[in-house]
Amino acid sequence: MRRLVALGVAVAVAALVAVLATRPPAQTAQAASPLLGQPAPGVHGAGIDGRSVDLATMRGGFVLVNFFASWCGPCHTEQPALIGLSPQVHVLGVVFQDSAGNALQFLRRGGANWPAIADPQGALALEWGVRGPPESYLVSPDGTVVAKVVGPVTASQVDYLHSVMSRTLRSGQ
Amino acid sequence: MSRVRGWAPWIVLLIVLGVGLGIGATPSGPPPTVDQQVRAIAAEVRCPSCADLNSAQSNDVTAVAVRAAIRQRLVRGQSRAEIEAFLVSRYGPDILLRPPSRGVGGLVWLLPVIAATLALLVAVWALRRWRAPAGGDPSAARIPDAGDEALVRRALDEVR
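So the protein lines, in turn, are chains A and B.
Okay, so the first sequence: first residue is 1 according to the numbering used here, each after it adds one.
Okay, so the second sequence: first residue is 1001 according to the numbering used here, each after it adds one.
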């Protein structure tokens, strides 16, 4: 009887270890999101530089919707990689918990000239399921969310985004 | 008849418990205001950008946005379930502090019930075993028979 109980406990522990070991790590950069495969939520309004911003008008090419803030260290880190993504990908910035002035200064100082929109009430962050900057969502030419990157976009993330773009184009999305 | 009498206190206890739970679960007083509903729903939603706080407790922009979305949708006539479904469609199921009652999450609700039932069964079994030694009738064990007396006598002789 005791052996049976010990065997049962061992099997349960082994099953638990197997389940935990095969789960993706919490800090995975290529993150899962309920938005993947879904139509991208709308992003439109007056940009922080005065230009009008509308994600819907950017259809026809890949768009990376990038949530950022000037106070966010990793946002500084990823800026060269984001600049390197163009012209294949258009970047659309969404300011996360930051003033429009600081955000605009941050973009221009880093050499970025893509449009960005303020989100003072956090409504856009909520629509996109953002927890904290930087977070980026790749939107396909037909307006579907095809990838999510949590944390800074690095060289390996750029490779990942390129592979997603190739796959998306092959599947005709 | 005596068996039925033995169960009577338990049946009364169950009836009292059922009536008490029924009264406790029935809402009384005026219906909750929108503010109260927002607070109640937000208290069950994790603050998206802060650790260990719910969206009713935090004043982080993301928590404020969650409360605003809840209010907006309540005013539009959406139910609590619809609002929670929207939040899950953006953040995934872990945005809810209350685990879902379906799928793997349902185990969180089911396992304690199974464990409590098993514990109760084991306790009843152990109690009965303890009260009724092998031989069946527990009352018989209390009256020493001739064999017991002989055993005691032998033991006493050995001591002397």
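Don't be surprised by glycine CBs; every beta carbon is placed ideally from N, CA and C.
Note that the structure is predicted; figures quoted are calculated from it, not measured.
- Message: Just to confirm the assignment, what range does the beta strand (DSSP E) spanning A/Asn66 have?
- Response: Taking the first sequence and counting its residues from 1, the one referred to as residue 66 of chain A is at position 66. In the DSSP assignment, A/Asn66 falls within the beta strand (DSSP E) that extends over Phe62 to Phe68.
- Query: What residue range is occupied by the uninterrupted alpha helix (DSSP H) comprising A/Gly73?
  - Reply: Taking the first residue of the first sequence as 1, we reach residue 73 of chain A at position 73. Residues Gly73 to Leu85.
- Message: Does any residue of chain B have a CB that is nearer than 8 Å to the CB of A/Ala12?
- Response: By 1-based counting over the first sequence, the position of residue 12 of chain A is 12. Taking Cβ atoms only, chain B never reaches closer than 8 Å to A/Ala12, which makes this a no.
- Message: Please return the same chain residues whose Cβ sits closer than 7 Å to the Cβ of B/Ala1043, not counting the five positions on each side in sequence.
- Response: Residue mapping note: residue 1043 of chain B aligns to position 43 of the second sequence, counting from 1. Excluding positions up to five away in sequence, the list reads Asn1054 and Ala1056.
- Message: According to DSSP, is B/Arg1160 part of a helix, a strand, or is it coil?
- Response: On the second sequence, position 160 is the one that residue 1160 of chain B refers to. In the structure shown, B/Arg1160 sits in coil (DSSP, three-state: anything other than H, G, I, E or B).
- Query: A/His90 bridges to which residues according to DSSP?
  - Reply: Position 90 of the first sequence holds residue 90 of chain A. As DSSP reads the structure, A/His90 sits in a beta bridge with A/Val63.
- Task: Anything in chain B within Cβ reach of A/Pro34, meaning under 8 Å, just list it in chain order.
- Result: Taking the first sequence and counting its residues from 1, one reaches residue 34 of chain A at position 34. Listed along chain B are Val1088, Ser1089, Arg1090, Tyr1091 and Gly1092, each with a C-beta nearer than 8 Å to that of A/Pro34.
- Task: Return helix, strand or coil for A/Pro39, following the three-state DSSP convention.
- Result: Translated into positions along the first sequence, residue 39 of chain A becomes position 39. Looking at A/Pro39 - three-state DSSP - the assignment turns out to be strand.
- Mind checking which residues open and close the beta strand (DSSP E) that includes B/Glu1044? Looking up residue 1044 of chain B in the second sequence gives position 44. In the DSSP annotation of this structure, B/Glu1044 is not part of any beta strand (DSSP E), being labelled neither H nor E.
- Item | CB contact check: A/Leu126 to chain B, cutoff 8 Å | For this step, residue 126 of chain A is matched to residue 126 along the first sequence. By the rule that beta-carbons nearer than 8 Å mark a contact, A/Leu126 touches chain B.
- Task: Put B/Asp1060 into one of helix, strand or coil per three-state DSSP.
- Result: Looking up residue 1060 of chain B in the second sequence gives position 60. Three-state result, B/Asp1060: coil.
- Query: Under three-state DSSP, which class holds A/Asp98?
  - Reply: Translated into the one-based positions of the first sequence, residue 98 of chain A becomes position 98. The answer is coil: DSSP assigns A/Asp98 none of H, G, I, E or B.
- Query: What are the uninterrupted segments assigned as beta strand (DSSP E) that are 3 or more residues long and contained completely in the region 103 to 171 of chain A, given in chain order?
  - Reply: DSSP assignment within the region 103 to 171 of chain A yields the following whole beta strand (DSSP E) runs of 3 residues or more, N-terminal first: 135 to 139 and 145 to 150.
- Cα-Cα separation, A/Asn66 to B/Arg1071: In the first sequence, residue 66 of chain A corresponds to position 66, counting from 1. In the second sequence, residue 1071 of chain B corresponds to position 71, counting from 1. Going by C-alpha positions, A/Asn66 is about 27 Å away from B/Arg1071.
- Message: Is it buried or exposed, B/Val1038, if we count other Cβ atoms within 10 angstroms and call 16 or more buried?
- Response: For this step, residue 1038 of chain B is matched to residue 38 along the second sequence. The residue in question, B/Val1038, is buried, as its Cβ has 16 or more Cβ neighbours within 10 Å.
- Query: Whole-angstrom Cβ separation of A/His90 and A/Val63, contact assumed at under 8 Å?
  - Reply: Numbered from its first residue, the first sequence carries residue 90 of chain A at position 90. Numbered from its first residue, the first sequence carries residue 63 of chain A at position 63. About 5 Å separates the beta carbon of A/His90 from that of A/Val63, a gap short enough to meet the 8 Å contact definition.
- Query: Is the region 137 to 153 of chain A touching the region 33 to 51 of chain A, taking contact as three or more C-beta pairs under 8 Å?
  - Reply: Output reads yes: the region 33 to 51 of chain A touches the region 137 to 153 of chain A.
- Alpha carbon to alpha carbon, what distance is there between A/Ala100 and B/Ile1023? Position 23 of the second sequence, counted from the start, is the residue given in the question as residue 1023 of chain B. Position 100 of the first sequence, counted from the start, is the residue given in the question as residue 100 of chain A. Approximately 54 Å between the Cα atoms of the pair.
- Using a Cβ cut-off of 7 Å, which residues of the region 1027 to 1052 of chain B contact any Cβ in chain A, in chain order? If the cut-off is 7 Å between Cβ atoms, the region 1027 to 1052 of chain B has Pro1048 and Ser1049 near chain A.
- Task: Leaving out five residues on either side along the sequence, give the residues of the same chain with a beta carbon under 8 Å from the beta carbon of A/Ala26.
- Result: As a working note, residue 26 of chain A is residue 26 in the first sequence. A caution first: A/Ala26 carries a pLDDT of 43, below 50, which makes its placement in the model too unreliable to give a value.
- Query: Quick one: what's A/Asp54 bridged to in DSSP?
  - Reply: Stepping through the first sequence from its first residue, residue 54 of chain A is reached at position 54. DSSP lists A/His44 as partners of A/Asp54.
- Message: I need the DSSP call for B/Leu1096, collapsed to helix, strand or coil.
- Response: Within the second sequence, the letter at position 96 stands for residue 1096 of chain B. Here B/Leu1096 carries a strand assignment [DSSP, helix/strand/coil].
- Which residue from A/Ser70, A/Asn113 and A/Ala56 puts its Cα closest to that of A/Ala103? Position 103 of the first sequence, counted from the start, is the residue given in the question as residue 103 of chain A. Ranking A/Ser70, A/Asn113 and A/Ala56 by Cα distance to A/Ala103 puts A/Ser70 first.
- Taking the alpha helix (DSSP H) that B/Ile1083 falls in, what are its first and last residues? What you label residue 1083 of chain B is simply residue 83 of the second sequence in a count that begins at 1. Per DSSP, B/Ile1083 belongs to the alpha helix (DSSP H) from Arg1080 to Tyr1091.
- Item | Contact under 8 Å by Cβ, B/Ala1069 with A/Ala125 | By 1-based counting over the second sequence, the position of residue 1069 of chain B is 69. By 1-based counting over the first sequence, the position of residue 125 of chain A is 125. B/Ala1069 is not a Cβ neighbour of A/Ala125, given a cutoff of 8 Å.
- Task: Give the interface partners of A/Gly132 over in chain B, defined as CB-CB distance under 7 Å, in chain order.
- Result: Your numbering for residue 132 of chain A matches position 132 in the first sequence. The answer, in chain order, is Ser1049.
- Message: I need the boundaries of the alpha helix (DSSP H) containing B/Ile1114, first residue and last residue.
- Response: Taking the second sequence and counting its residues from 1, one reaches residue 1114 of chain B at position 114. Secondary structure note for B/Ile1114: its alpha helix (DSSP H) is the uninterrupted segment Gly1106 to Arg1131.
- Item | Proximity below 8 Å, CB of B/Tyr1091 to CB of A/Gly132 | On the second sequence, residue 1091 of chain B is found 91 positions in, with the first residue counted as 1. On the first sequence, residue 132 of chain A is found 132 positions in, with the first residue counted as 1. No. Outside cutoff.
- Mark A/Thr28 as exposed unless 16 or more other C-beta atoms lie within 10 angstroms of its C-beta, in which case mark it buried. Along the first sequence, one-based indexing puts residue 28 of chain A at 28. Confidence in A/Thr28 is poor, its pLDDT being 43 and thus under 50, which makes the residue's placement unreliable; the coordinate value appears in the next sentence. A/Thr28 comes out exposed.
- Item | Contact belief for A/Met58 with A/Leu82 at Cβ below 8 Å, rounded distance in angstroms | Translated into the one-based positions of the first sequence, residue 58 of chain A becomes position 58. Translated into the one-based positions of the first sequence, residue 82 of chain A becomes position 82. In this structure A/Met58 is not in contact with A/Leu82, their Cβ atoms being roughly 15 Å apart against a cut-off of 8 Å.
- Message: Could you check whether the Cβ of A/Gly45 sits closer than 8 Å to any Cβ belonging to chain B?
- Response: Taking the first residue of the first sequence as position 1, residue 45 of chain A is located at position 45. Closer than 8 Å: no.
- Message: I'd like to know whether the C-beta of B/Thr1062 is nearer than 8 Å to at least one C-beta of chain A.
- Response: Counting from one through the second sequence, the residue named residue 1062 of chain B turns up at place 62. Put simply, the CB of B/Thr1062 is near chain A, with a gap under 8 Å to one of its CB atoms.
- Give the residues of chain A in contact with B/Ala1065, contact being defined as C-beta atoms less than 8 Å apart. The count along the second sequence starts at 1 and reaches residue 1065 of chain B at position 65. Within 8 Å Cβ-Cβ: Gln121, Gly122, Ala123, Ala125 and Leu126.
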